[in-house]
Structures are given as C-alpha cells and as structure tokens.
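As structure tokens, the structure follows; a few thoughts come after it.
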Amino acid sequence: MSKEITSRATDYSQWYNDLVIKGELADYSAVRGCMVIKPYGFALWENMRDALDKMFKDTGHVNAYFPLFVPKSLFEAEEKNAEGFAKECAIVTHYRLKADPAKKGKLMVDPEAKLEEELVVRPTSEAIIWNTYKNWIQSYRDLPLLINQWANVVRWEMRTRLFLRTAEFLWQEGHTAHATKEEAIEETVKMLDVYADFVENWMAVPVIKGVKSANERFAGAEDTYCIEALMQDGKALQAGTSHFLGQNFAKAFDVKFSDKENKLEYVWATSWGVSTRLIGALVMAHSDDQGLVLPPKIAPLQVVIVPIFKGEEQKAAIDAKVQAITTELKSKGISVKYDDNDNARPGWKFAEYEMKGVPVRLAIGARDLANNVVEVARRDTKEKSTVSLDGIADYIAQLLATIQQALYQKALTFREANITKVDSWDAFVKVLDEKGGFVAAHWDGTPETEEAIKEKTKATIRCIPLQNTLEAGNCILSGQPSTQRVLFARAY
RNA sequence: CGGGAGGUAGUUCAGCCCGGUAGAAUACCUGGUUUGGGACCAGGGGGUCGCAGGUUCGAAUCCUGUCCUCCCGACCA
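Residue -4 is where the first sequence starts when you use my numbering, and the numbers rise one by one after that.
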C-alpha cells in the first residue's frame, strides 16, 4: 500500500483525509456519517480531554452525566422559546426487534413496539438538563450551578467529514445557572478564556476571541462568544463556543429561584462546548506533506527511540543504554516508546513515526554508543542533530518545550500574515479568492448585508473581535457608516 | 437533499464495455540473508466480488431496487 500523503497543494481535502487515516487517528465506519476513532487518535483526545477537564475543575466546575434520549416534548418546550433550532436529529420510534416471518434469519422492527412518545437522540443537552435543573434549583443558595458533561451527541448532518463534522461526535458541554445577569456573562467570558488558553497553550493553535453576529448566533442565545482559528488552506474554523443564554432557557423550562428578598426570579444561564472537531483543527493547523505534526503537550507519544543494529550483541548493548534513557525520560513525565520491533527496518520506522506526528525521534546505533551520543530528530522542522547522552533527558525536556513554542509561533506568524484589511468590495472579493484567510472589513451591522455578502462570496462573519479597536468607516457592501472592522472568512 | 465517482483479498486497485475456473501489488505466515531514510530471495495462507431480487444453461460482469463511502453543492445549535 502506498504510504504517500497527498500534497496539500494538490488536493487539500484528500491531504486531510490521508493525514487522519494514515496517521492512525480515525477511519470511516460502516455506519452512515460516523467514524471510528482509533486507539492512537483516542489517546490524543484523552490527553486533550484531561487537560480541559482539569481547567474546568480549576474554575469551580463539576462533572455529571445526563441521558442520551430526550423526549420530543422537551424539545417542543425549547422550540417555543426560540424558533430556528436545527432539526436534523436521530429519533427513536420503537423499542423492540423481532424475527421477520417473511425472511428467515432477518430481523424487523416490531410494529407492536411503537413508542407512545418518540425519543430524540440528543443533538445537545440543553432540554434535558434544564428540565432537570428545574428540580435542583429553589433558592439563590443553590446557585451558581456549574456543571459539565462529557458525552457523545448525534446530529444528522447531510455531509460529513472526519472529525470536522460527523453524525456522532464526542464533546463536552457545560451548562451553568446563575442568580444574576452579570455573573452569567462573566462565566461565559471566563469559559471562552479557558478555551482560548487551552487551544493556544496546549494545541499551539492561535485563536481570535470574538462575538458572533446575529446570523451565526446559537438560536437560544443572547450572545454567542467564540474562538476562531485559521487553517493552512486559508479557511477559518470555529474551535469553541460559549453562549450567554440570558433567561431564555429558564423561561422555557420554568427554572425559578427565590432571591435574598424572597422574590421569585428566573435564573441566568450559560452553555459552552468544544468537541473532537478540535482534532481536525490540530491536524489542519500544523501538519505537513509527510504526515501529522502534533504538539508535545498533547501528543499521545512524545518520544520514540529507534535502535539501529547488526546482530544480537549490538542489540543488547543498545537495549541496555535505551533502558537507562527511557527510565530517565519517564521520571520527567515524558512518554516514550522503544520500537525494537525487528520486522521493520529503521527507515520504515522513521517514516511511520513522522506520519503519526511523534514530536521527537531518537536513533541510536553502535556508532553512537561508541561516541556516547544519540541522533535527535525534530518532527516539526525535520532537523537532525547529534547530542551527547550525558544529560539527554534534560535536553529532550527542553526540546519538547521548544517545539511546543515553535509550533505556536509558526501558526501565529501564518495567521498574522493572513489577516488582510480591505476597504473596497473589489479588494474584498479578490483577497477571498486569491489569498484566503481572515478579511478585516467594515460592515453596517445588519443581518441583510451579512446574508448578501455570504450569498455573493460564501464568506461569513467569523466574529467581531473582543479587543477590537473602534474605527470609523463604510460598509464594504452597502457603504453605510460603520464603527469597527469585523472578520470575514470562508469557513469549515 | 441535488450533481459526480465508487463498493472485488487486511489495504490500494485491475477485471465489467463484449457473461464462461477470482487477479495484481502490498500487507500477513514460514525459512534465510539483511538493518544509519519506507530491504531482498524462496515458499505459503487468505475473497459467498456491499446487500436483495431479476434475466440466463451460466452473473463480479447485464437489469431493478437498496445500503454505505468519497468529492462538489445546499444544509449545519
């Protein structure tokens, strides 16, 4: 089988699929729109999940778990308060199979086993969670309620793509209830900061924090905050969202509390989530035509050691040395694998681990033993150097930190080079078509104009940056006055 | 959901037009030689050709239906 990865320049979609599949992250499954996350890919997700989970707990949140099935009536309650929720869902209508009398060995849905009320497989858990919170909240003393759930959700997407948009995906969803509007907004922004912190410092992907325009906002939210990242093909990707829900859900599900003055009030709510889509972002932000490039802080495997030997005698000497190196690395919390599989030759292993994005590779042979050195190869720059075995663990620890930083810097430099200010419609279209990336342009603030721009160019407003500087100008399309630039891009 | 391309060995694919014993490469197993950037030789195992019907003496091949995948578009809390 060809192990070649399609060039980014040739076909970006195919390049992406190659990276995910040949990098052992995931594969297609026999189930419509769903993927299988392989052990290596899942180990990556676990590392991301654990880091995020710790950040949630450090900010006062706890985990819980709510049901997969949501009675249809609960969705109707939600729909009443905010129309426009997407309705592509999987729906359970029956609860039993039976042998098909017409076809031996086949099963059929038992028509006798029809559910009185259909169950929706959760596309998100607001409905079931707020219906539950109603029973948990009576007094201001019960607030704030700061709960997160790690779960799978199902959305019957028309078109799917590994990690970026699959029918079933893994995510976390935080749902919080507060006594005041100010506190809820503070929570929304705090969690956006947590996401930005994680994506930038662990995934080494720079993001822009901002607020969504009305068109891009979550249907039940007053405000949707987001972090937007830029991929190597110039398209933007929403990496996480944090919603200020106002009292919309409290009103839909009748969640009230007595305040200090014994007055009944609706609670103020937030919700926030990131998903396995982050893995897609990771792949498209850093990888190259040789395969995945993973940031050391979340890589399932940080260091791989490949022995190069002729005969058992050399192998034994190398084994002994590697044993010492491995112990030292592990004592520093560095994950390391010694690949002494004799069936694969060194060259094959080099290519294999590059494809899987292992940050650092050590190659050690008789020649190196004699000189008390080891060959150290960086995945990100492909640089190789010969390093003394004395103090090698410190050197590697330092190198991993350097790689983490270098990946972030490289992605940041790329993004900064791909934010373009434009002041005319012609320039706007030209930049989108020829350069891509974020386009900073004036917009008159109306949904109609945004829609018209999307219609003409497929570009949407990714966000209105939080730290925006105010600047008078005229809308790129309508010419109406505007007070600030917003970021447009074509997006995933 | 519209348009296009596909589903044959673990994997990538040929065979299909023009029906007649199921193929290649690679991976895997055995033995040997190898090992500093995807090794080589010899031998071997492995597939109800996505599924269900139909036509036919005979179907991977023709027809109908259906499921699934990929690409483009629409959709996307």
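We put the CB at the ideal spot given by N, CA and C, even for glycine.
So, is residue 86 buried or exposed, given that buried needs 16 or more other C-beta atoms within 10 angstroms? exposed
If you run the structure through DSSP and keep just helix, strand and coil, what is residue 418? coil
Does residue 398 come out as helix, strand or coil in the three-state DSSP assignment? In the structure shown, residue 398 sits in a helix (DSSP, three-state: H, G or I).
Quick one: grab the DSSP three-state call for residue 214. coil
Measuring only the C-alpha atoms, how far is residue 459 from residue 482? Straight-line Cα distance between these residues: approximately 6 Å.
DSSP-derived helix/strand/coil call for residue 103: strand
Give the secondary structure of residue 487 by DSSP, where H, G and I count as helix, E and B as strand, and everything else as coil. coil
Here's the rule I'm using: 16 or more other beta-carbon atoms within 10 Å means buried, otherwise exposed. How should residue 186 be labelled? buried
Between residue 11 and residue 279, which are expected to be in contact by the criterion C-beta below 8 Å, what is the C-beta distance as a whole number of angstroms? At roughly 6 Å, the Cβ-Cβ gap stays under 8 Å, so residue 11 and residue 279 are in contact.
Considering just the uninterrupted stretch of the alpha helix (DSSP H) at residue 197, what are its terminal residues? Neither: residue 197 is in no alpha helix (DSSP H) and is coded neither H nor E.
For residue 267, does the three-state DSSP call read helix, strand or coil? Correct three-state label for residue 267: strand.
Distance cut-off 6 Å: residue 385 Cβ against heavy atoms of the ligand MN: This structure lacks the ligand MN, and indeed carries no ligand of any kind.
Is it the case that the segment 135 to 144 contacts the segment 156 to 168, given that we only count it when at least three CB pairs across the two stretches are under 8 Å? yes
Looking at residue 13 and residue 5, is the spacing between their C-beta atoms short of 7 Å? no
Terminal residues of the alpha helix (DSSP H) in which residue 373 lies: Premise fails: residue 373 lies in the beta strand (DSSP E), 368 to 373, not in any alpha helix (DSSP H).
Below 8 Å on the Cβ atoms is my contact criterion, and I expect residue 484 with residue 432 to pass it. Report the Cβ-Cβ distance as a whole number of Å. 7 Å
Nearest-angstrom beta carbon gap, residue 229 and residue 58 [assumed within contact, 8 Å]: Actually they do not touch by this definition, with Cβ atoms about 37 Å apart.
DSSP puts residue 243 in a beta bridge; with which residues? The partner list for residue 243 (beta bridge, DSSP) is empty, contrary to what the question assumes.
Quick check on DSSP: helix, strand or coil for residue 353? Here residue 353 sits in coil by DSSP.
Buried/exposed call for residue 375, threshold 16 Cβ in 10 Å: Burial is judged here by how many other beta carbons sit within 10 angstroms of a residue's own beta carbon; residue 375 has at least 16 and is buried.
Chain-order list of residues whose beta-carbon lies under 8 Å from that of residue 371 (same chain, five-residue window excluded): If we look at residue 371 and ignore the five residues flanking it on each side, its Cβ neighbours are 355, 356, 357, 379, 380, 381, 382, 390, 391 and 394.
Between which two residues does the alpha helix (DSSP H) harbouring residue 8 extend? 7 to 17
Buried or exposed by the 16-neighbour rule on C-beta atoms within 10 Å, applied to residue 247: buried
Helix or strand or just coil, what does DSSP make of residue 426? helix
How would you call residue 22, buried or exposed, if buried means at least 16 neighbouring beta carbons within 10 angstroms? Exposed, by the Cβ-count rule.
Assigned exposure category for residue 342 - 16 Cβ within 10 Å defines buried: exposed
Return the CA-CA distance between residue 104 and residue 353, expressed in angstroms with no decimal places. 47 Å
Under three-state DSSP, which class holds residue 464? Under the three-state reduction of DSSP, residue 464 is assigned to coil, being neither helix nor strand.
What is the residue span of the beta strand (DSSP E) that residue 133 lies within? Looking at the DSSP string, residue 133 is not in any beta strand (DSSP E), and its letter there is neither H nor E.
Once DSSP output is grouped into helix, strand and coil, what is the label at residue 56? coil
DSSP three-state call for residue 341: helix, strand or coil? Here residue 341 sits in helix by DSSP.
Close Cβ partners of residue 74 (< 8 Å) along its chain, the five nearest in sequence each way excluded: Cβ neighbours of residue 74 beyond the five flanking positions: 80.
Assuming the contact rule is C-beta atoms closer than 8 Å, residue 249 and residue 405 should be a hit. Round their C-beta distance to whole Å, please. Actually they are not in contact, since the Cβ atoms of residue 249 and residue 405 sit about 51 Å apart, beyond 8 Å.
Just the Cα atoms here: how many angstroms apart are residue 42 and residue 50? 13 Å
Could you say if the segment 468 to 477 and the segment 417 to 431 meet the contact criterion of at least three C-beta pairs nearer than 8 Å? yes
Is there contact here, the segment 206 to 214 with the segment 172 to 192, by at least three beta-carbon pairs under 8 Å? no
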